[in-house]
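All remarks here apply to the structure that follows.
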Amino acid sequence: MASHTTNLHFVLFPLMAQGHMIPMVDMARILAQRGAMVTIITSPVNANRFRSVVDRAIEADLKIQILELQLPLAEVGLPEGCENFDLLPSSAHAVNMILAMNMLEEPAENMLKVLCPPPSCIISDGCFPWTNDVAKRLNIPRVVFYGPGCFAFLCVHIVTSTNILDEIDSDSEYFVMPGLPDQIEVTKPQASTWGRGDTKESTQVFERMVEAEKDALGIVVNSFEELEPKYVKELSKVKAKRVWCVGPVSLCNKSFQDRAERGNKIAINMQDCLKWLDAKESGSVIYVCLGSLSYASTEQAIELGLGLESSNIPFLWFIRQPSEEFEEWLFKEGYEERIKGKGLMVRGWAPQILILSHQAIGGFVTHCGWNSSLEGISAGIPMVTWPQFGEQFLNERFIINVLKIGVRIGMEVPVIFNKLDESKEIMKRDDIKQAIEGLMKNDEEGEARRKRCMEFAVMAKSAMEEGGSSQRNMTSMIQAIIEELAKKKTPV
Ligand code: UDP
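Count the sequence shown with mature numbering (1 follows the signal peptide of the UniProt record, and there is no 0) and you get residues -19 to -1, 1 to 473, in order.
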């Protein structure tokens, strides 16, 4: 297999959002470790964020390169440099970003035409349906990648391919999602935040993605079979496609540097953070990080701060972009001084997988982005679930009802991604305190939860090891590509 793989050249098109780019870059390294050549195509700002990761891979003799394509930002009314969803002036600009990304078809095709050696496979984010047209014109097999795992993806398929949601009037009542192997209840808004547009244009975007997916050779998923065996099977059945679970891809980061620096420059002196954690008892600290895109109003940030302070649990809280008013509140209250010793608040980007694997961490408050969820699972850490938008409520259901490794914070109503600052639902300090203390308890329930977490972490690790399910699935995906290439070369 290795000798065949060395002849392959994979071209990866990640969506310009951290939750999509980070796992794709990990996937690039896994493919390159198999001996393949890998080209990642992205815009200059995104290329820069991953430059050091890729440089380290090159130093380790992996055949990886990043090629840059300029996003037509001015043409869609975006300021210079806004090349990722986490760099937009506001989430309302998401639609401009999608427009810009959809204008990459022609330049991307021109780039692929002159690529040497010529590409043997495109792995593209499902959100770039135009890569299907390019793949067809250039006669290259295409594999599609989406962010979520099989559970959420299956739910999205069910609600987009049936009229189940049209039959439900209430926005607050829970209904049993039909067609799932387990009895899972959701509300209509929780089930409809991904895959169904709310305007004619966004509906068309999703429809085009589904159409493009039909031509794909298969679907590659950042998950592992042992985590969701029934859902992997069911997804493959309903999609009538091969589904290759090749994760958790974050586990390919073995060295300290690779685990510390992923996707962005980290916010703090890592040594300070690690020193702080080193001084804490094993499994005693709750880590709080709500992903790369989540938004917390000043009111919500204050409640979270007070909830953390009032709980009896030490905490490490990474906050992405505190508002000016929140900074004023922090200063006026002397909050950071007050929590000293018990809590550490850090502004900016967390070295997340490094933190999650630290022995002091015993719980994770997460927004249930799929990567964060899977990283928590891989580290064997139980989670307080605080979903906000997209498929995050579905991931919450998976963590709580299927895996039974979390405690809900109690968020009920999803926010629409392009209206993040319109969120009306505020989690109160007492809800936050209660959920955290509930998760960290050493009672029978807490012990059982921790035991399940450890079991999943062991399974995750084995899946990625030699002979493990994710390793075998990667081999089987490569084999399918080789066979497809052979077919394409044979004139009909
Ligand atoms: N992440 C990180 N540091 C941060 C915030 C996020 O390393 O401060 C990483 C996290 O480990 C994960 C990704 O960014 O790999 C976020 O993806 P996810 O699907 O969890 O959520 P999203 O940000 O897409 O909502």
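Beta carbons are placed, not taken as given, at the ideal position from N, Cα and C, and that holds for glycine.
Inset, instruction - Using beta-carbon positions only, say whether Arg433 and Ala416 come within less than 8 angstroms of one another. - result: Against the sequence shown, residue 433 aligns to sequence position 452. Against the sequence shown, residue 416 aligns to sequence position 435. Contact check for Arg433 against Ala416 fails: the beta carbons are separated by 8 angstroms or more.
Legend entry - Terminal residues of the alpha helix (DSSP H) in which Met364 lies: Looking up residue 364 in the sequence shown gives position 383. Per DSSP, Met364 is not a residue of any alpha helix (DSSP H); the beta strand (DSSP E) it occupies stretches across Met364 to Thr366.
Inset, instruction - Confirm, please, whether the CB-CB distance from Ile334 to Glu356 is below 8 angstroms. - result: As a working mapping, residue 356 is identified with position 375 in the sequence shown. As a working mapping, residue 334 is identified with position 353 in the sequence shown. Judged by beta-carbon spacing, Ile334 lies within the 8 angstroms limit of Glu356, meaning their Cβ atoms are closer than that value.
Legend entry - 8 angstroms Cβ cutoff met for Met8 and Lys44: Indexing the sequence shown from 1 puts residue 8 at position 27. Indexing the sequence shown from 1 puts residue 44 at position 63. No; because the gap between Cβ atoms is not below 8 angstroms, this pair is not in contact.
Inset, instruction - Measure from the alpha carbon of Arg189 to the alpha carbon of each residue in Pro100, Asn83, Phe307 and Val95, then state which is nearest. - result: By 1-based counting over the sequence shown, the position of residue 189 is 208. Comparing Cα positions, the closest option is Asn83.
Inset, instruction - Could you give the DSSP three-state label for Gly62: helix, strand or coil? - result: One-based indexing of the sequence shown puts residue 62 at position 81. For Gly62, the three-state secondary structure derived from DSSP is coil.
Inset, instruction - Flag Arg243 as yes when its Cβ comes closer than 7 angstroms to any non-hydrogen atom of ligand 1, and as no otherwise. - result: Here residue 243 is taken as the residue at index 262 of the sequence shown, counted from 1. Arg243 Cβ: within cutoff of ligand 1.
Legend entry - Classification of Lys468 by the beta-carbon crowding that lies within 10 angstroms, buried from 16 upward: Translated into positions along the sequence shown, residue 468 becomes position 487. Exposed, by the Cβ-count rule.
Legend entry - For Val186, the nearest candidate out of Phe109, Cys131, Asp163 and Gln171 (CA to CA): By 1-based counting over the sequence shown, the position of residue 186 is 205. Closest option to Val186, Cα to Cα, is Phe109.
Inset, instruction - Indicate whether Cys349 and Ile380 have their beta-carbon atoms separated by less than 8 angstroms. - result: Sequence index remark: in the sequence shown, residue 349 carries index 368 (1-based). Sequence index remark: in the sequence shown, residue 380 carries index 399 (1-based). Result yes, Cβ atoms of Cys349 and Ile380 sit closer than 8 angstroms.
Inset, instruction - Would you kindly report the start and end of the unbroken beta strand (DSSP E) that includes Thr112? - result: Indexing the sequence shown from 1 puts residue 112 at position 131. The continuous stretches of beta strand (DSSP E) do not include Thr112, which lies in the alpha helix (DSSP H) extending over residues Trp111 to Leu119.
Legend entry - Expected contact under 8 angstroms - CB spacing of Met458 and Gln452 to nearest Å: Start at 1 with the first residue of the sequence shown, and residue 458 comes out as number 477. Start at 1 with the first residue of the sequence shown, and residue 452 comes out as number 471. Actually they are not in contact, since the Cβ atoms of Met458 and Gln452 sit about 11 angstroms apart, beyond 8 angstroms.
Legend entry - Terminal residues of the alpha helix (DSSP H) in which Arg243 lies: Your numbering for residue 243 matches position 262 in the sequence shown. Run containing Arg243: none; DSSP gives neither H nor E here.
Inset, instruction - State the DSSP-derived secondary structure class of Leu335, mapped to helix, strand or coil. - result: Here residue 335 refers to the residue found at position 354 of the sequence shown. For Leu335, the three-state secondary structure derived from DSSP is helix.
Inset, instruction - Within its chain, find whatever has a CB closer than 6 angstroms to the CB of Leu146; leave out the 5 residues flanking it on each side and keep chain order. - result: Along the sequence shown, read from residue 1 onward, the residue named residue 146 stands at position 165. These residues qualify, in order along the chain: Val140, Lys169 and Ser173.
Inset, instruction - Going by CA-CA distance only, name the one from Gly228, Gln252 and Trp225 that's closest to Gln238. - result: Position 257 of the sequence shown holds residue 238. Nearest in C-alpha terms to Gln238, of all of Gly228, Gln252 and Trp225, is Gln252.
Legend entry - Anticipated Cβ contact below 8 angstroms, Gly288 with Arg410, distance rounded: For the purposes of this step, residue 288 is taken as the residue at position 307 of the sequence shown. For the purposes of this step, residue 410 is taken as the residue at position 429 of the sequence shown. Indeed they touch by this definition, with Cβ atoms about 4 angstroms apart.
Legend entry - Rounded Cβ spacing between Asn399 and Ala75 (contact assumed at less than 8 angstroms): The sequence position of residue 399 within the sequence shown is 418, counting from 1. The sequence position of residue 75 within the sequence shown is 94, counting from 1. That pair is a contact at about 5 angstroms.
Legend entry - Under the three-state DSSP convention, the category Ala(-18) falls into: For the purposes of this step, residue -18 is taken as residue 2 along the sequence shown, with counting starting at 1. Interpretation of Ala(-18) is limited by its pLDDT of 48, a score under 50 that renders its predicted location unreliable; the figure taken from the coordinates is listed afterwards. Correct three-state label for Ala(-18): helix.
Inset, instruction - Spell out the partners DSSP gives Arg328 in its beta bridges. - result: As a working note, residue 328 is residue 347 in the sequence shown. Beta-bridge pairing links Arg328 to Ile300.
Legend entry - Cβ separation of Glu56 and Pro25, assumed to be a contact under 8 angstroms, to the nearest whole Å: Residue mapping note: residue 56 aligns to position 75 of the sequence shown, counting from 1. Residue mapping note: residue 25 aligns to position 44 of the sequence shown, counting from 1. Taking the Cβ atoms as the reference, Glu56 lies roughly 16 angstroms from Pro25, outside the contact range of under 8 angstroms.
Legend entry - Cβ-based neighbour list, Cys233, same chain, cut-off 6 angstroms, excluding 5 preceding and 5 following: For this step, residue 233 is matched to residue 252 along the sequence shown. Asp7, Arg10 and Ile11.
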